[in-house]
Amino acid sequence: GKYISIASYTANYVLAKSIPTVDIEKWAQTTSFAFLADSPQLKELYTFLGCVSINDLEIYLHHLLPKFDSLSYDAKAEHVVYLKERLMSIEESCKMKDQLYEKLEGLSFIHDSSNRLRSAKFFYDETVKVFEVMLPAKSFIPSDFFKKVEQVTKPKNGTLLLTSWIIFLRNIGLKHEVSQQQVLQFAKEVSIKAQTESWTQEKVQIIVDVLLNHIFKERTDLFQGTFLKELSMVPFLCPERAPKELIKLHAQYQEMSGTLPLIRFSGSQVNPKFKQTDIIHLLWTSCPILPEKATPSSITDQEGITMTGQEQLDQVLSMLGVNLDPPPEKVISNCRNICNISNPDDEMVKTRNKVLRSTYEFLSADKRDFRHLLRGVAFVMVEDGWKLLKPEEVVINLDTESDFKPYLYKLPLELGTFHQLFKLLGTEDVVSTKQYVEVLWRIYRISEGKQLDPNEMRTVKRVVSGLFKSLHNDPVEIHKDLESLRELIFYLPSHDGRLAKSNTLVFDDAPHYKSRIQGNVGVQMLVDMSQCYLGKDHAFHTKLIMLLPQKLRPRLLSSILEEQLDEDSPKMCQFGALCSLQGRLQLLLSSEQFITGLIRIMKHENDNAYLVNEEKAIRLCKALCEGLKVSCFEKLQTTLRVKGSSPIPHSRSETLAFLKRYGTAVIHLYIQHSDNKDINFLLALAMTLKSATDNLISDTSYLIAMLGCNDIYRITEKLDNLGVKYDSTEPSKLELPLPGTPIPAEIHHTLLMDPMNVFYPGEYVGYLVDSEGGDIYGSYQPTYTYAIIVQEVEREEEENTSFLGKCFQIDIGYSEYKIVSSLDLYKFSRQEESTHVQDTTVPPTPSSPESRSPGLRMLPPLFSGKENLRPPPQKSCPKKLKLHALPEILREVTLVVEQAWKLPETERKKIIRRLYLKWHPDKNAENLDIATEVFKHLQNEINRMEKQTLADQQNTDRTSRRSFSTSSTRFQSEKFSFQRFYSSWNQEATSHKSERQQFREHYTSYAGSSHSHRFFVPPTFKTVGNPVEARRWLRQARANYSAARNDLHKNANEWVCFKCYLATKLALIAADYAVRGKSDKDVKPTALAQKVEEYNSHLTGLASDVQILEGYGVDSLRTRYPDLLPFPQIPNDRYTSEVAMRVMECTARIIIKLEAFVQQKI
1 GKYISIASYT
11 ANYVLAKSIP
21 TVDIEKWAQT
31 TSFAFLADSP
41 QLKELYTFLG
51 CVSINDLEIY
61 LHHLLPKFDS
71 LSYDAKAEHV
81 VYLKERLMSI
91 EESCKMKDQL
101 YEKLEGLSFI
111 HDSSNRLRSA
121 KFFYDETVKV
131 FEVMLPAKSF
141 IPSDFFKKVE
151 QVTKPKNGTL
161 LLTSWIIFLR
171 NIGLKHEVSQ
181 QQVLQFAKEV
191 SIKAQTESWT
201 QEKVQIIVDV
211 LLNHIFKERT
221 DLFQGTFLKE
231 LSMVPFLCPE
241 RAPKELIKLH
251 AQYQEMSGTL
261 PLIRFSGSQV
271 NPKFKQTDII
281 HLLWTSCPIL
291 PEKATPSSIT
301 DQEGITMTGQ
311 EQLDQVLSML
321 GVNLDPPPEK
331 VISNCRNICN
341 ISNPDDEMVK
351 TRNKVLRSTY
361 EFLSADKRDF
371 RHLLRGVAFV
381 MVEDGWKLLK
391 PEEVVINLDT
401 ESDFKPYLYK
411 LPLELGTFHQ
421 LFKLLGTEDV
431 VSTKQYVEVL
441 WRIYRISEGK
451 QLDPNEMRTV
461 KRVVSGLFKS
471 LHNDPVEIHK
481 DLESLRELIF
491 YLPSHDGRLA
501 KSNTLVFDDA
511 PHYKSRIQGN
521 VGVQMLVDMS
531 QCYLGKDHAF
541 HTKLIMLLPQ
551 KLRPRLLSSI
561 LEEQLDEDSP
571 KMCQFGALCS
581 LQGRLQLLLS
591 SEQFITGLIR
601 IMKHENDNAY
611 LVNEEKAIRL
621 CKALCEGLKV
631 SCFEKLQTTL
641 RVKGSSPIPH
651 SRSETLAFLK
661 RYGTAVIHLY
671 IQHSDNKDIN
681 FLLALAMTLK
691 SATDNLISDT
701 SYLIAMLGCN
711 DIYRITEKLD
721 NLGVKYDSTE
731 PSKLELPLPG
741 TPIPAEIHHT
751 LLMDPMNVFY
761 PGEYVGYLVD
771 SEGGDIYGSY
781 QPTYTYAIIV
791 QEVEREEEEN
801 TSFLGKCFQI
811 DIGYSEYKIV
821 SSLDLYKFSR
831 QEESTHVQDT
841 TVPPTPSSPE
851 SRSPGLRMLP
861 PLFSGKENLR
871 PPPQKSCPKK
881 LKLHALPEIL
891 REVTLVVEQA
901 WKLPETERKK
911 IIRRLYLKWH
921 PDKNAENLDI
931 ATEVFKHLQN
941 EINRMEKQTL
951 ADQQNTDRTS
961 RRSFSTSSTR
971 FQSEKFSFQR
981 FYSSWNQEAT
991 SHKSERQQFR
1001 EHYTSYAGSS
1011 HSHRFFVPPT
1021 FKTVGNPVEA
1031 RRWLRQARAN
1041 YSAARNDLHK
1051 NANEWVCFKC
1061 YLATKLALIA
1071 ADYAVRGKSD
1081 KDVKPTALAQ
1091 KVEEYNSHLT
1101 GLASDVQILE
1111 GYGVDSLRTR
1121 YPDLLPFPQI
1131 PNDRYTSEVA
1141 MRVMECTARI
1151 IIKLEAFVQQ
1161 KI
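First residue of the sequence shown: 1, per this note's numbering; consecutive thereafter.
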């Protein structure tokens, strides 16, 4: 230093000795301040002169640092070193310290790579690994700076403490914090530079590891902003490498020339170690796998987040779009890739087996629907994994597997664990219809329709066998399966060893033609099905073919062959029109018994085939019944020809039976005259009828049995003996009654008599057929039948219209419909309603009944079918009528009576009868007092209207100047009086009373009634007996007897006996109806008489009388056919006048007995 005068300075400071003095003159020389060297000897002097000691930090803050730029580099280094040591020694924070750090931040004292002085904030902290790996060397503080400060400090151990310097430099601006944007930028640089600068795999891995470690282990702001979302889209990650054995099997996802591109978080799969499962086997060819460090097991706790550590990690991975569980579509894509490998070696097959097993396990555990993704993929291992099949080419249970290879395989036992998975994807428990058809289609495609080789033929035969056995065991289901085949063509083998479309082949269903055609048909025949493991029963083969859907069925040989008579008009047999064989067959084949037996056989042989062809079978039966003609010829010869072609050479042959159909309604049966017991004739006839049924009957023995019956009534017995299943059509007791059948008398009381009843379409009602109900015994029993309302129709225009008596179209059964008045129709009532409750509610009378549109025209239907109906409204009325209701009831009765007198007499009578029965005291036990009053009022009103009518008539007669005697007036009075009907109406009301009492005893409720969801139909407690129907049969029996009496003494004794036979049988059936409500018309009269005789002791001797008739030879055949009598006798010879008289007497006794018996039932 030098000596100065302190008087010329504003302030004089004593400078601490610790401050470096290098270049002191550059900052200490100033006009305002003087800096004095510190000397202990001068301390008192300094104090006396007013020289102040000053802190070294203040010197730097206020004097030295402002002139820092003027210092030399060495001086700067020394001062920085001093300040560093000085400031780092101050542990607590203070204002002076912060100010100095702030000053230092702007000072340049470090040479950069170009030797320019820079401040600390120009540089990045090289100790931060992210900066170290991502930034160039020039971004960091050069090592020369640290050497310089080391020279200045001269550390005791010779080594500079770098950590403290880094802390110091960070305090004055050294960049050491990595921002979110920098991380994103660094990731993008890795993505780009790895390709453009050809970074090595090792270099990329190191950099990426540093970045990932920083992201997951150092950052605490991952949830802030969109950082994770942006980061997830940057491909900067090195994927996890699959093991070598997997790479050998198939290249890794996106691998090219052994190199894997960088991947991004989004859409990638977590590392296998994260889930502790070897998922790399499931995905390595279809999805990028993240490296281990990209899916850490934990992350640094994030700022401001209350979630647990695991929840934070899950949230981060979710925001990065990482797949925690393998997506099924990726697993399946991986499966597809490895299944498309060709020519694998042993090691590759073993690896693939392991991978596929892992895939099976994964898919079995996954509950999502992925079937569409595996459609058509061959991934099921067979033959130890050397062969892969589609699931639909594998069957869980497959007999004779060797015959089906290589088209179908049995599921290997070791894969049984996964059978549910394979079933989901198309594997069947047993071979399915579609699989059978597909195998045939595949073989056809391979063979191109040419001759099959032995292995193909073996498979084809086994397939045909399996398919037809399935069809036989479950015809309905397999038929549906075959019908639903739309994309596949159904092929079957031909007799020449080729596959052809099934419907182009011809099945030989006529082996009896074999010797006649000798292979000259010129069509492709179906293979002999006995060669396909289906046995040698040709009838069974025929049945199988008929089970096929029509569009897939081979044509039948019988359908393409025509058998033609050699002559247009062959010579009639010697008996001509009197031929007994012709007459017998005409009767037999058109009989109800034969046709019933025919249907019974069809159903017995194959109920399902019958259902499929039911319409065709019914047409055949109808043609036999209504359009059959039998012609007998001396000799029949036929020739075969393919339809539309010339005759087949050498096919002419003599035949015993030939059938020709004209459309669907007429059948002409040609027969060669033979012994009707000749087995060859019966066989030929049976074969002819069999072909007419389109092979719905395959076993001709049943037909032969029926054709050999002399008595058509024994056909049922014959079929029973042969074990043919009985075709039971016994109706259920819960079924609704058929329209047209009589309503049993015991439930007549449930019919509501109110003339104002309202009816609805589809409702079951009672229809009054015969209101008089009289018979030859003078008893009164009106006849009602069941009917169904179809719709309401408008009635014809009448001079005197009324709101009473609407018109309805009804179904009366037997396919007949009739338009009737509502006054002929009766609603059924329940127990509580039949006590007169419903009858008390009369709908409001229209104020202007005349306003209704006249003319009979059909109203729009109220329903589209019987199953689509609206139910009638439910009424709820008290069971007991109140006395205050009487005046209103009386007014209503008067109104209805007056309206009735506006109608024709027939309609008026119906209304009066219904009112009479409705209010009759016997029908109103619960409301006897009120009913009695109303009943009296009704009779008085009837008398009043009758007198008024008579008076009006007399006035009219006087006007026309006609005179009447007293007798004529009395006659006119009787004509208009309803009193003559009161007796029969009283009888009916009384019977209703007793019937209702019996009904209540048997039915406390209607739980057992027959009813639908729409309308109520009451039950009958008399489960047997139908006297009304019995009376109908008796009427016809009487008519037959009268017809027999007309033929007496007219040389027609056989007809007398035949008609007596019919009268007897019908009378016996009538008795059966009276007791059981049904009868078997096929039972012989003797058997029926024995059964009927047991019904009542008064019928004793009935069976003896019928046996007397039988003793005279009276039956349905011998009375008409000569061939049943000894030659040369004919029925006209056999039955003399004396026999006819005795038969008449015996028949009369039988009818009288049975009429008396039926009348008791009525």
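All C-beta atoms in this analysis are idealised placements derived from N, C-alpha and C, irrespective of residue type, glycine included. Bear in mind that the values here come from a model prediction, so they are computed numbers and not experimental data.
| query | Does the beta-carbon distance from Ala787 to Thr693 come in below 8 Å? | reply | For the purposes of this step, residue 787 is taken as the residue at position 787 of the sequence shown. For the purposes of this step, residue 693 is taken as the residue at position 693 of the sequence shown. It is not a contact, given that the beta carbons lie outside the stated cut-off.
| query | Just the Cα atoms here: how many angstroms apart are Asn1026 and Ala1070? | reply | As a first step, residue 1026 is located in the sequence shown; it is residue number 1026 there, counting from the start. As a first step, residue 1070 is located in the sequence shown; it is residue number 1070 there, counting from the start. Using only the alpha carbons, I get a separation of about 9 Å.
| said: If the criterion is Cβ atoms closer than 8 Å, does the pair Ala1074 and Ala1037 meet it? | reply: Stepping through the sequence shown from its first residue, residue 1074 is reached at position 1074. Stepping through the sequence shown from its first residue, residue 1037 is reached at position 1037. No. Outside cutoff.
| Buried or exposed by the 16-neighbour rule on C-beta atoms within 10 Å, applied to Gly535 | Stepping through the sequence shown from its first residue, residue 535 is reached at position 535. Classification for Gly535: exposed.
| task | Enumerate in chain order the residues of its own chain whose CB-to-CB distance from Asp284 is below 6 Å, with the five nearest sequence positions on each side excluded. | result | As a working note, residue 284 is residue 284 in the sequence shown. Note that residue 284 is Trp in the sequence shown, not Asp. Excluding residues within five positions, the ones whose Cβ falls inside 6 Å are Ala242, Leu246, Gln252.
| task | Starting from Ala11, follow the beta strand (DSSP E) in both directions and report where the run begins and ends. | result | For the purposes of this step, residue 11 is taken as residue 11 along the sequence shown, with counting starting at 1. Here the beta strand (DSSP E) through Ala11 covers 11-15.
| message | Out of Asp1133, Leu895, Val14, Asp346, which one is the CA nearest neighbour of Gly1186? | response | For residue 1186 there is no data in the structure shown, the boundaries of the chain being 1 and 1162.
| task | Determine, using beta carbons only, whether Arg210 and Val190 come nearer to each other than 8 Å. | result | What you label residue 210 is simply residue 210 of the sequence shown in a count that begins at 1. What you label residue 190 is simply residue 190 of the sequence shown in a count that begins at 1. Rather than Arg, the amino acid found at residue 210 in this sequence is Val. No, these two residues do not count as a Cβ contact at 8 Å.
| Exposed or buried, what is Ser766 when buried is set at 16 or more other beta-carbons lying within 10 Å of its beta-carbon? | By one-based count along the sequence shown, residue 766 stands at place 766. First, the amino acid is wrong: residue 766 is Gly here, not Ser. Gly766 should be labelled buried.
| said: For Pro235, which residues in the same chain have their Cβ closer than 6 Å to its Cβ, ignoring the five residues on either side in sequence? | reply: Taking the first residue of the sequence shown as position 1, residue 235 is located at position 235. For Pro235, where only same-chain residues beyond five positions count, the Cβ hits under 6 Å are Ser191, Leu262, Ile263, Arg264.
| said: Here's a check: name, in chain order, each residue in its chain whose Cβ is nearer than 8 Å to the Cβ of Gly449, leaving out the five neighbours to either side. | reply: Here residue 449 is taken as the residue at index 449 of the sequence shown, counted from 1. Closer than 8 Å at the Cβ level, and outside the excluded window around Gly449, lie Arg498, Leu499, Ala500.
| What is the C-beta distance between Ser164 and Met96, in whole angstroms, given that I count them as a contact (C-beta under 8 Å)? | Residue numbering aside, residue 164 sits at position 164 when the sequence shown is read from its first letter. Residue numbering aside, residue 96 sits at position 96 when the sequence shown is read from its first letter. 20 Å between Cβ atoms; not a contact.
| query | How would you label Ile1152, buried or exposed, when you count the other beta carbons within 10 angstroms and need 16 or more for buried? | reply | As a working mapping, residue 1152 is identified with position 1152 in the sequence shown. Ile1152 comes out exposed.
| Would you call Pro873 buried or exposed, if buried means 16 or more other Cβ atoms sit within 10 Å of its Cβ? | Translated into positions along the sequence shown, residue 873 becomes position 873. Below a pLDDT of 50, predicted positions are generally treated as unreliable, and Pro873, at 42, falls in that range; no measurement from the model is reported.
| Around the C-beta of Ser530, are 16 or more other C-beta atoms found within 10 angstroms, so that it is buried, or is it exposed? | Along the sequence shown, one-based indexing puts residue 530 at 530. Classification for Ser530: exposed.
| request: List in chain order: all unbroken alpha helix (DSSP H) runs of 4+ residues lying wholly within the region 26-79. | output: 43-49
| query | Roughly how many whole angstroms lie between the Cα atoms of Lys248 and Asn343? | reply | Taking the sequence shown and counting its residues from 1, one reaches residue 248 at position 248. Taking the sequence shown and counting its residues from 1, one reaches residue 343 at position 343. Approximately 13 Å between the Cα atoms of the pair.
| message | If you reduce the DSSP assignment to three classes, tell me which class Glu892 lands in. | response | What you label residue 892 is simply residue 892 of the sequence shown in a count that begins at 1. Helix.
| said: So if DSSP puts Asn323 in a beta bridge, which residue, or which two residues, is it bridged to? | reply: One-based indexing of the sequence shown puts residue 323 at position 323. BP columns for Asn323 point to Gln269.
| Taking buried to mean at least 16 other C-beta atoms within 10 Å of its own C-beta, is Ser198 buried or exposed? | One-based indexing of the sequence shown puts residue 198 at position 198. Answer is exposed; the Cβ neighbour count stays below 16.
| field | Beta-carbon proximity of Val1163 to Asn397, cut-off 8 Å | value | Residue 1163 is absent from the model: the chain starts at 1 and stops at 1162.
| Local conformation of Ala378 per DSSP, three classes | Taking the sequence shown and counting its residues from 1, one reaches residue 378 at position 378. Here Ala378 sits in coil by DSSP.
| message | Mapping the DSSP letters down to three states, classify Pro493 as helix, strand or coil. | response | Mapped onto the sequence shown, residue 493 falls at position 493. Correct three-state label for Pro493: strand.
| field | Any 3 or more C-beta pairs closer than 8 Å across the region 49-61 and the region 6-22 | value | yes
| Nearest residue (CA-CA) to Thr1119, options Asp474, Leu1154, Cys1060, Gly304 | Within the sequence shown, numbered from 1, the residue matching residue 1119 stands at position 1119. Nearest C-alpha to Thr1119: Cys1060.
| query | Which one of Val183, Glu230, Ala194, Lys193 has the shortest CA to CA distance from Asn213? | reply | Here residue 213 refers to the residue found at position 213 of the sequence shown. Nearest of Val183, Glu230, Ala194, Lys193 to Asn213, Cα basis: Val183.
| query | With C-beta atoms as the reference, is Val523 less than 8 Å away from Ile489? | reply | Here residue 523 refers to the residue found at position 523 when the sequence shown is read from its first residue. Here residue 489 refers to the residue found at position 489 when the sequence shown is read from its first residue. Going by C-beta atoms, Val523 is not nearer than 8 Å to Ile489.
| request: Please classify Gly766: does DSSP put it in a helix, a strand, or coil? | output: On the sequence shown, residue 766 is found 766 positions in, with the first residue counted as 1. Here Gly766 sits in strand by DSSP.
| task | Could you pull out every unbroken alpha helix (DSSP H) segment of at least 4 residues lying fully inside the region 147-208, listed in chain order? | result | 162-171, 180-196
| Secondary structure at Asp508, three-state DSSP: helix, strand or coil? | Position 508 of the sequence shown holds residue 508. Looking at Asp508 - three-state DSSP - the assignment turns out to be coil, as it is neither helix nor strand.
| request: Run the CB neighbour count on Gly597, radius 10 Å, all protein chains shown included, and call it buried at 16 or more, exposed below. | output: To locate residue 597, count along the sequence shown from 1; it is residue 597. Looking at its Cβ environment, which holds 16 or more other Cβ atoms inside 10 Å, Gly597 is buried.
| Distance between Ser653 and Glu567 (C-alpha atoms, nearest Å) | Stepping through the sequence shown from its first residue, residue 567 is reached at position 567. Stepping through the sequence shown from its first residue, residue 653 is reached at position 653. The alpha-carbon atoms of Glu567 and Ser653 are separated by roughly 13 Å.
| field | For Leu825, the nearest candidate out of Ile743, Thr638, Thr894 (CA to CA) | value | Stepping through the sequence shown from its first residue, residue 825 is reached at position 825. Among Ile743, Thr638, Thr894, the Cα nearest to that of Leu825 is on Ile743.
| query | Candidates Lys1078, Trp985, Cys1057: which alpha carbon is nearest Arg1031's? | reply | For this step, residue 1031 is matched to residue 1031 along the sequence shown. Taking only the C-alpha atoms, the option nearest Arg1031 is Lys1078.
| Burial state of Leu883 (16 or more Cβ within 10 Å) | Mapped onto the sequence shown, residue 883 falls at position 883. Exposed, by the Cβ-count rule.
| task | Please report the residue range of the beta strand (DSSP E) in which Val476 lies. | result | Counting from one through the sequence shown, the residue named residue 476 turns up at place 476. Per DSSP, Val476 belongs to no beta strand (DSSP E); it is in the alpha helix (DSSP H), 475-483.
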